[in-house]
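Comments concern the structure below.
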Amino acid sequence: MNKPAANSASPELATAPTPSATVGQAGPLLQEIQRMVAEKTSFKATDVVAVQQNVFDQDFTLSASFVLYKNIKVTPINGYFKAQSKDHRTPSDDLAQTGMVALIEKLEADAEKRLDDKVKNHPGLPLDLEEGTYLGTAARFWSLQKCQTCNKEGEVVCDMCKGNREYVCPDCHGNQKLPCRASGCDQGRTMCMTCLGNGEVVQEKDVPYEFSGGGKEGGPQTVKYQIVKEMIPCPNAECVKGTVPCLACRGNAFVTCKRCAGKGACPCEKCKKTGKLSCPQCAGSHETGLMYEACIDLKIHHQTKLRAQSSEHARKIFDLEKDPIQIANLATSVVQQEYVGWRGLDNHRMLQIVYGGHIDIESIELACNGKKYKAIAYGKERKWLTQGGIVESLVESDFEELRKVGNQIDAHQLFLIDYKTPQKVVQRFVSIANNLDVLQTVGSEAYESPHGQESRTLIVKCAQEMKFNYARLYLAWVCVAIFCTMMGLWLAIGSTGFWEFLIIGVAGYCLSLVLIVKMDGDVDQLYARSLPSVKKFNVLDAAGKPLLRGGGWEVWSGNGTRLVPSRWVWMFYWVLMTCLFYWFWVRRFFSWLFGSG
Numbered sequence: 001m002n003k004p005a006a007n008s009a010s011p012e013l014a015t016a017p018t019p020s021a022t023v024g025q026a027g028p029l030l031q032e033i034q035r036m037v038a039e040k041t042s043f044k045a046t047d048v049v050a051v052q053q054n055v056f057d058q059d060f061t062l063s064a065s066f067v068l069y070k071n072i073k074v075t076p077i078n079g080y081f082k083a084q085s086k087d088h089r090t091p092s093d094d095l096a097q098t099g100m101v102a103l104i105e106k107l108e109a110d111a112e113k114r115l116d117d118k119v120k121n122h123p124g125l126p127l128d129l130e131e132g133t134y135l136g137t138a139a140r141f142w143s144l145q146k147c148q149t150c151n152k153e154g155e156v157v158c159d160m161c162k163g164n165r166e167y168v169c170p171d172c173h174g175n176q177k178l179p180c181r182a183s184g185c186d187q188g189r190t191m192c193m194t195c196l197g198n199g200e201v202v203q204e205k206d207v208p209y210e211f212s213g214g215g216k217e218g219g220p221q222t223v224k225y226q227i228v229k230e231m232i233p234c235p236n237a238e239c240v241k242g243t244v245p246c247l248a249c250r251g252n253a254f255v256t257c258k259r260c261a262g263k264g265a266c267p268c269e270k271c272k273k274t275g276k277l278s279c280p281q282c283a284g285s286h287e288t289g290l291m292y293e294a295c296i297d298l299k300i301h302h303q304t305k306l307r308a309q310s311s312e313h314a315r316k317i318f319d320l321e322k323d324p325i326q327i328a329n330l331a332t333s334v335v336q337q338e339y340v341g342w343r344g345l346d347n348h349r350m351l352q353i354v355y356g357g358h359i360d361i362e363s364i365e366l367a368c369n370g371k372k373y374k375a376i377a378y379g380k381e382r383k384w385l386t387q388g389g390i391v392e393s394l395v396e397s398d399f400e401e402l403r404k405v406g407n408q409i410d411a412h413q414l415f416l417i418d419y420k421t422p423q424k425v426v427q428r429f430v431s432i433a434n435n436l437d438v439l440q441t442v443g444s445e446a447y448e449s450p451h452g453q454e455s456r457t458l459i460v461k462c463a464q465e466m467k468f469n470y471a472r473l474y475l476a477w478v479c480v481a482i483f484c485t486m487m488g489l490w491l492a493i494g495s496t497g498f499w500e501f502l503i504i505g506v507a508g509y510c511l512s513l514v515l516i517v518k519m520d521g522d523v524d525q526l527y528a529r530s531l532p533s534v535k536k537f538n539v540l541d542a543a544g545k546p547l548l549r550g551g552g553w554e555v556w557s558g559n560g561t562r563l564v565p566s567r568w569v570w571m572f573y574w575v576l577m578t579c580l581f582y583w584f585w586v587r588r589f590f591s592w593l594f595g596s597g
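Residue numbers for the sequence shown follow the UniProt record's numbering, beginning at 1 and rising by one.
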């Protein structure tokens with residue numbers, strides 16, 4: 001029901017608005033927005049001013065259906081079942097079931113009376129009612145008879161050994177032996193390794209060769225002249241046509257079954273060689289039966305509905321809050337309007353009651369930084385429907401200096417080096433609490449903040465700018481230092497060709513090494529002053545993967561791309577520049593000055 005109001009308001013919220021706070025008062029909603037602006041932007045709480053603030057009542061109806069289901073549970077029991085004092089034993093299962101049917105009718109009547117008394121006399125919606133078993137059985141009916149499976153013996157024949165205490169071996173199927181599966185075994189014989197299956201081996205012997213002449217007397221002589229190879233039978237006594245008996249089966253082509261040890265049967269482990277098993281139906285108790293127990297189960301169904309001519313914001317709230325119980329918790333009040341009563345449906349009974357309630361929707365118009373915003377909250381807990389984008393809009397102003405630095409990165413000259421401006425801008429940027437969240441997601445494409453895409457680019461560019469400007473500053477110092485060093489070297493040793501070039505290179509290397517050490521300290525101090533909260537720019541995403549890694553001289557992106565050259569790249573560059581600078585400029589200067597080559 002809408003409250004009467006003296007002041008008019010937007011018709012889209014309600015037909016009869018009621019302002020809850022006059023303009024300029026710091027209500028709870030205004031205080032919450034001022035706190036967020038002060039924490040997440042560079043603006044102060046006093047910069048946010050309320051232009052108009054009103055609270056509207058949105059009526060709705062809630063239909064509650066309480067359904068009682070009759071449920072008879074049947075549980076198999078055996079002779080080990082222990083009955084309670086209120087349980088009833090019957091001679092048969094049929095009689096137990098008949099007694100339970102009469103009992104559940106009484107239980108249902110008792111459950112209806114209990115639920116009706118609780119719900120009908122409750123001033124509001126009974127939120128303490130839970131679904132489940134609402135009323136259990138007062139007594140159980142059960143019966144036990146002789147077990148038909150084991151004939152009241154408590155044991156049955158083992159289904160694995162059929163009572164024989166052992167079963168036929170599944171490997172040899174009672175044959176006690178298995179075909180030999182040794183490699184190369186064929187009918188109990190394998191290839192002879194002496195003759196390699198040929199049945200013969202090669203034998204070498206000396207063949208005499210006779211010729212005449214050459215002797216002292218000129219007569220014939222006998223001389224061993226050549227070695228002749230011939231094939232002879234295999235010397236292995238067991239070899240027959242290139243095969244010998246298999247070592248695994250001894251030439252029998254069969255081996256003893258290992259599973260049954262050649263007995264053809266295995267002892268039954270399932271019955272532990274007894275041939276009997278405990279009866280699965282009675283568990284060895286000789287009796288089986290059924291137990292019947294009745295219970296009444298409660299199911300609760302809620303459905304909400306807005307009144308006619310509801311505001312657009314109210315429809316959004318009810319679309320957002322899908323759970324009717326949650327809406328009831330947010331409502332200012334929920335009262336019973338109509339008692340529909342009980343209805344019988346098949347195997348259950350249903351009680352239906354209609355409740356009426358209203359939920360507060362608070363609208364506040366704000367002004368800050370020359371712009372107006374509109375925020376809407378609802379419910380007793382003042383949940384936000386929208387904040388009007390005030391925080392995102394105000395944070396945009398924090399990027400103005402960052403944009404300027406990012407747009408002017410390439411506009412530099414060698415000796416007009418500015419490394420303090422990027423440092424101050426980044427230091428100011430990370431000092432804002434909301435922007436710390438931005439830094440933690442630098443490089444993440446999943447970041448959905450309106451200023452996330454721009455901040456990602458600008459922060460990385462500022463980091464590069466600080467690094468690069470420091471490097472250029474030290475490079476200028478290196479050039480001056482080398483010029484002075486070369487003058488001293490020229491005057492001391494003059495021009496000596498190879499040694500001159502070697503000394504110049506070593507001098508450039510030493511200078512670059514000293515300057516790099518000094519630059520590392522300066523850059524670390526820079527990060528300590530400007531980026532203390534991100535630990536030298538080691539930024540991780542929500543999964544713990546690096547988005548931006550840095551510290552000292554190096555800055556890397558999460559995909560492994562180097563954003564700033566490493567120290568070794570700079571060192572090589574400086575050594576090369578030292579030699580070239582000396583060779584092309586210092587030598588010419590001294591040659592012109594002293595008139596020598």
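Every residue gets a Cβ at the ideal spot worked out from N, C-alpha and C, and that includes glycine.
Residue 305 versus residue 63 - alpha carbon distance
8 Å
Where residue 292 sits in the DSSP three-state scheme
In this structure, residue 292 counts as strand in the three-state DSSP scheme.
Out of curiosity, what's the CA-to-CA distance linking residue 246 and residue 175?
Across the structure, residue 246 and residue 175 are spaced so that their CA atoms are roughly 21 Å apart.
So the beta strand (DSSP E) residue 348 belongs to, where does it begin and stop?
348 to 368
Using a Cβ-Cβ cutoff of less than 6 Å, which residues in the same chain neighbour residue 316 once the five nearest sequence positions on both sides are dropped?
none
Quick check on the burial criterion: 16 or more other C-beta atoms within 10 angstroms. Buried or exposed for residue 53?
buried
When you compare only the Cα positions, how much space is there between residue 99 and residue 86?
Within the model, the alpha-carbon separation for residue 99 versus residue 86 is close to 13 Å.
Quick one: give me the first and last residue of the alpha helix (DSSP H) that residue 332 is part of.
Per DSSP, residue 332 belongs to no alpha helix (DSSP H) and is neither H nor E.
Use the C-beta contact count for residue 280: other C-beta atoms within 10 angstroms, 16 or more gives buried, fewer gives exposed.
exposed
Among 72, 240 and 115, which residue has its Cα nearest to the Cα of residue 101?
72
Measuring only the C-alpha atoms, how far is residue 205 from residue 242?
23 Å
Would you mind sorting residue 361 into buried or exposed? The rule is 16 or more other CB atoms within 10 Å of its CB.
Label assigned to residue 361: buried.
Pick from 300, 348, 320 and 391: whose alpha carbon is nearest that of residue 119?
300
Would you identify the three-state DSSP class for residue 297, choosing helix, strand or coil?
strand
Spatial neighbours of residue 273 within its chain, please: C-beta separation below 6 Å, excluding the five flanking residues on both sides.
These residues qualify, in order along the chain: 165 and 267.
Hey, would you say residue 287 sits closer than 8 Å to residue 84, going by beta carbons?
no
Helix, strand or coil for residue 311 per DSSP?
coil
Report, in whole angstroms, the separation of the C-beta atoms of residue 382 and residue 28, which I expect to be a contact under 8 Å.
Their Cβ separation, rounded to whole angstroms, is 7 Å, which keeps residue 382 and residue 28 in contact under 8 Å.
Cα-Cα, which of 339, 365, 77 and 182 is closest to residue 121?
339
Taking the alpha-carbon of residue 303 as reference, which of 251, 353 and 123 has the nearest alpha-carbon?
When only C-alpha atoms are compared, the closest one is 353.
C-alpha gap between residue 255 and residue 179, whole angstroms:
6 Å
Have a look at residue 443 and residue 393 and give me their C-alpha separation to the nearest angstrom.
Low confidence applies here, because residue 443 scores a pLDDT of 38, under 50, leaving its location unreliable; read the following figure in that light. Residue 443 and residue 393: Cα-Cα distance of roughly 22 Å.
Which residue comes first and which comes last in the alpha helix (DSSP H) that contains residue 100?
93 to 120
Residue range of the unbroken beta strand (DSSP E) whose run includes residue 136
132 to 136
With a threshold of 8 Å, are at least 3 pairs of Cβ atoms found where one atom belongs to the region 135 to 142 and the other to the region 290 to 300?
yes
How far does the beta strand (DSSP E) with residue 190 in it reach, from first residue to last?
189 to 191
Can you tell me whether residue 391 is helix, strand or coil according to DSSP?
helix
Helix, strand or coil for residue 204, going by three-state DSSP, please let me know.
strand
Can you tell me whether residue 332 is buried or exposed, with buried defined as 16 or more other CB within 10 angstroms of its CB?
exposed
Helix, strand or coil for residue 277 per DSSP?
Residue 277 falls in the strand class under three-state DSSP.
Just checking residue 394 against the ligand NAP - is the residue's beta carbon closer than 7 Å to any of the ligand's heavy atoms?
Although the ligand NAP was asked about, the structure shown includes no ligands whatsoever.
Would you identify the three-state DSSP class for residue 43, choosing helix, strand or coil?
Reduced to three states, the DSSP call for residue 43 is coil.
To the nearest whole angstrom, what separates the beta carbons of residue 235 and residue 200, a pair I think is in contact under 8 Å?
Actually they do not touch by this definition, with Cβ atoms about 10 Å apart.
Expressed to the nearest angstrom, what Euclidean distance is found between the alpha-carbon atoms of residue 371 and residue 385?
Roughly 20 Å between the two C-alpha positions.
Just to confirm, are residue 375 and residue 388 a CB contact at a threshold of 8 Å?
yes
Taking a contact to mean a Cβ-Cβ separation below 8 Å, would you say residue 68 touches residue 105 in this structure?
Contact flag unset, no.
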